[in-house]
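Colleague: Just passing along the structure, written as structure tokens.
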């Protein structure tokens, strides 16, 4: 026990000093759901809260990872340290990539000022998002000034991790008709910044007009509800060629200044942290339930009755919860 | 108590006889989370399992409700009774609609053989999907031979209700690039039938080719894992003009024959019912937790510590769960 406590302590110290290997090890610990990982986050948590956390979300295939690579380059040129966390299972950060993507990303793999980590989607979204939130805290504690989180989202409830972001960027491309419809229908929340990537497509300007239409329909209240008078900018980029990246970085900084000035950053973080605590608690309850039931004879018996139409699903759930205390 | 038991009994009897007003009342009871509603489902559950439940999912704006209206017309012409359940917040069934849609749907509102019900999205997805599953059982118990469930889905985990369907239809339109990307990336599960609606668009055939490409990439194993050798058909429709509906109805019947012949319907329903029991239990646990905490002084105290960076979110969750026993 003493040895473990000491090694965790050392790991925490090295992490707080910004040591990359300590950071990699720490994220693996939370990803593997190891008690030392949780203990570590507990220790370093007082040193978090300085990073600017930007979430990049959008459908697969729009070029989120290329965009993040380009923004990372710009932030590195400005002397800032960057951490990237990808929980998009379709991202080149996460799995196989075209050679071109590999080359663009590998530039950053060699830079000590950039730490890139992908987290695999292990089916259990609760578990993954819980681990990803911890990983974002670890990047923050390790002194990464900018933390970029990549998630896939196409018009439904976002994966929880996006709730951790100070600024939410929705990345689309010409052809993202489904996402526009989802915005229009009010199913997808309006983000802080919208990027149209692959903007060399002739349909880009039509798309910008459509989005402006959606934003004006949402009205000043809808926009200000989220951002306190912030007007959502639409930025056209060609991330693969570095086009529009400076403009995007400027918009990100403007958004940060805006929420800092309006006192919204604190308010947003309070709400996010509340959701985070509840989400972790709920995910653990569900996981505990499923583990308890995997080999449970009583659950199998209840299930047979449900399949035979003798007991309805809700009554079976009631019986389960009663048995669980 | 006796009076309530008697009136519930009467309601159950009237429901089983197919009485529309009893059905409407019963669904309101489960939607409002009233104990009588759950009791009613418990009573009529042994009379469920006969309906063919088809889930229609897809991004907003592709014309799912018009398509369901057209399929409903075809099934009515074949003498079958139909129940429609919409939990798509952007659907004309659920909220405002263009005049054209209203007219197309109103034809069915006057038909005793069709029962249409929309359920509002009340933010708490767990609660809504729980109520929707109960409503689907009520439609089944009331003798609806076909139950069509409309949900919005754009490439992420579907709302649980789709798990209740025997057959899952993904509805797309030319321009649904995000959904194609999501299919390609393996983020969206391959459905049983794919419909390209609004197929008068010149880009339709290109889209069909793209989808065929995705399906062939997914490979025979991926396809057969879900359907035991079922090859996912792609059906082109123009629902507003009734084009392609007969072909779609044929494919739906073929799929049903296929899963019946292969013994898969029973297997699918067993898996769905298992998920349903677990989802109801988990949703209730989460709701109970949130209710318990709304006014909880200890939770507020923990939250302040988290906001002040003195206690990390995971440790706060641990403390909450320990306090909850």
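Chains as they are written, first to last, in the working numbering: chain A, 1 to 325; chain B, 1001 to 1325.
Beta carbons: idealized from backbone N, C-alpha and C, even for Gly.
(1) What is the DSSP secondary structure of residue 71 of chain A, counted as helix, strand or coil?
(2) Just checking: is the beta-carbon of residue 231 of chain A within a distance shorter than 9 angstroms of some beta-carbon in chain B?
(3) Going by C-alpha to C-alpha distance, which of B:1168, B:1138, B:1294 sits closest to residue 1050 of chain B?
(4) Count Cβ pairs between the region 1070-1090 of chain B and the region 1235-1250 of chain B that sit closer than 8 angstroms; are there 3 or more?
(5) Would you mind reading off the limits of the alpha helix (DSSP H) that contains residue 52 of chain A?
(6) When burial is assigned at 16 or more other CB atoms within 10 Å of the CB, is residue 1181 of chain B buried or exposed?
(7) Does the distance from the CB of residue 172 of chain A to the CB of residue 59 of chain A come in under 9 angstroms?
(8) Output needed in chain order: residues of the region 16-50 of chain A with a Cβ under 7 angstroms from some Cβ in chain B.
(9) Quick one: does residue 1196 of chain B have its CB under 9 angstroms from some CB of chain A?
(10) Taking only beta-carbon atoms, is residue 236 of chain A less than 9 angstroms away from chain B?
(11) Which residues share a DSSP beta bridge with residue 1176 of chain B?
(12) Between the C-alpha atoms of residue 318 of chain A and residue 1285 of chain B, what's the straight-line distance to the nearest angstrom?
(13) Please identify the residue among A:131, A:144, A:56 whose C-alpha is closest to the C-alpha of residue 79 of chain A.
(14) So who's on the other strand from residue 299 of chain A, going by DSSP bridges?
(15) Using the rule of at least 16 other Cβ atoms within 10 Å of the residue's Cβ for burial, across every protein chain shown, is residue 167 of chain A buried or exposed?
(16) State the CB to CB distance for the pair residue 1324 of chain B and residue 1302 of chain B, rounded to an integer number of angstroms; the pair is presumed to be in contact (CB under 8 angstroms).
(17) Name the residue from A:62, A:232, A:165 whose alpha carbon lies nearest to the alpha carbon of residue 273 of chain A.
(18) When burial is assigned at 16 or more other CB atoms within 10 Å of the CB, is residue 1297 of chain B buried or exposed?
(19) With 16 as the cutoff for other CB atoms within 10 Å, does residue 1174 of chain B come out buried or exposed?
(20) Quick check on the burial criterion: 16 or more other C-beta atoms within 10 angstroms. Buried or exposed for residue 66 of chain A?
(21) Since residue 307 of chain A meets chain B, which of its residues come closer than 9 angstroms, beta carbon to beta carbon?
(22) Might you give, ordered along the chain, the residues of its own chain that have their beta carbon closer than 6 angstroms to the beta carbon of residue 1230 of chain B, omitting 5 neighbours on each side?
(23) At the level of alpha carbons, what is the spacing between residue 22 of chain A and residue 28 of chain A?
(24) Note down, in chain order, every chain B residue with its Cβ under 7 angstroms from the Cβ of residue 280 of chain A.
(25) Mapping the DSSP letters down to three states, classify residue 1170 of chain B as helix, strand or coil.
(26) By Cβ distance, which residues of its chain are closer than 8 angstroms to residue 1015 of chain B, with the 5 residues on each side in sequence left out?
(27) By a C-beta neighbour count over all protein chains shown, 10 Å radius and 16 as the cutoff for buried, is residue 260 of chain A buried or exposed?
(28) Taking residue 176 of chain A as the query, report the chain B residues whose CB atoms sit under 7 angstroms from its CB, ordered along the chain.
(29) Can you tell me whether DSSP reads residue 210 of chain A as helix, strand or coil?
(30) To which residues does DSSP link residue 1066 of chain B through a beta bridge?
(31) Would a check of beta-carbon distances place residue 1286 of chain B closer than 9 angstroms to chain A?
(32) Mind checking residue 158 of chain A: buried by the 16 CB within 10 Å criterion, or exposed?
(33) Tell me residue 1017 of chain B's beta-bridge partners as DSSP assigns them.
(34) Can you tell me which of the three DSSP states residue 150 of chain A falls into?
(35) Can you find a CB in chain B that lies within less than 9 angstroms of the CB of residue 119 of chain A?
Modeller: So, from the data block:
(1) Of the three classes helix, strand and coil, the one that applies to residue 71 of chain A here is helix, per DSSP.
(2) Cβ-Cβ to chain B under 9 angstroms: no for residue 231 of chain A.
(3) Of B:1168, B:1138, B:1294, the smallest CA-CA separation from residue 1050 of chain B is found for B:1138.
(4) Contact holds: three or more Cβ-Cβ distances are below 8 angstroms.
(5) First-last for residue 52 of chain A: 52-58, but that is the beta strand (DSSP E), not the alpha helix (DSSP H).
(6) Using a 10 angstroms sphere on the CB of residue 1181 of chain B, the tally of other CB atoms reaches 16 or more, which defines it as buried.
(7) Result yes, Cβ atoms of residue 172 of chain A and residue 59 of chain A sit closer than 9 angstroms.
(8) Within the region 16-50 of chain A, those residues whose Cβ lies closer than 7 angstroms to any Cβ of chain B are, in chain order, 38, 41, 42, 45, 46, 48, 49.
(9) Answer no: the Cβ-Cβ gap between residue 1196 of chain B and chain A never drops below 9 angstroms.
(10) Closer than 9 angstroms: no.
(11) Note: residue 1176 of chain B is bridge-paired with A:176 in the DSSP secondary-structure output.
(12) So the alpha carbons of these two residues sit roughly 10 angstroms apart.
(13) Selected option, being the one with the closest Cα: A:144.
(14) According to DSSP, residue 299 of chain A bridges with nothing at all.
(15) It is buried - the Cβ of residue 167 of chain A has at least 16 other Cβ atoms within 10 Å.
(16) Not quite, the Cβ-Cβ distance comes to about 12 angstroms (not below 8 angstroms), so this is no contact.
(17) That would be A:165, whose Cα lies nearest to the Cα of residue 273 of chain A.
(18) By the Cβ neighbour-count rule, residue 1297 of chain B is exposed, with fewer than 16 other Cβ atoms within 10 Å of its own.
(19) Under this definition residue 1174 of chain B is a buried residue.
(20) With 16 or more other CB atoms across the displayed protein chains lying within 10 angstroms of its CB, residue 66 of chain A is buried.
(21) Listed along chain B are 1266, 1269, 1270, 1273, 1274, each with a C-beta nearer than 9 angstroms to that of residue 307 of chain A.
(22) Counting only Cβ-Cβ distances below 6 angstroms, and skipping sequence neighbours, we find 1258.
(23) Here the alpha carbon of residue 22 of chain A sits roughly 10 angstroms from the alpha carbon of residue 28 of chain A.
(24) Near residue 280 of chain A (Cβ distances below 7 angstroms), the residues of chain B are 1313, 1314, 1317.
(25) In this structure, DSSP gives residue 1170 of chain B an extended state, which the three-state scheme calls strand.
(26) Close CB contacts of residue 1015 of chain B within its chain, under the 8 angstroms cut and outside five residues either way in sequence, are with 1022, 1023, 1026, 1040, 1044, 1138, 1141, 1142 (chain order).
(27) Per the 10 Å Cβ criterion, exposed.
(28) Residues of chain B with a Cβ closer than 7 angstroms to the Cβ of residue 176 of chain A are, in chain order, 1177, 1178.
(29) Looking at residue 210 of chain A - three-state DSSP - the assignment turns out to be helix.
(30) Note: residue 1066 of chain B sits in no beta bridge, so no partner.
(31) It does: the Cβ of residue 1286 of chain B has a partner Cβ on chain A nearer than 9 angstroms.
(32) Any answer about residue 158 of chain A is weak, because its pLDDT of 45 lies below 50 and its placement is not dependable; what the coordinates show is given next. In the assembly as shown, residue 158 of chain A is a buried residue. Its beta-carbon has 16 or more other beta-carbons within 10 Å.
(33) Beta-bridge partners assigned by DSSP to residue 1017 of chain B: none are found.
(34) Under the three-state reduction of DSSP, residue 150 of chain A is assigned to strand.
(35) False, the Cβ-Cβ gap to chain B never drops below 9 angstroms.
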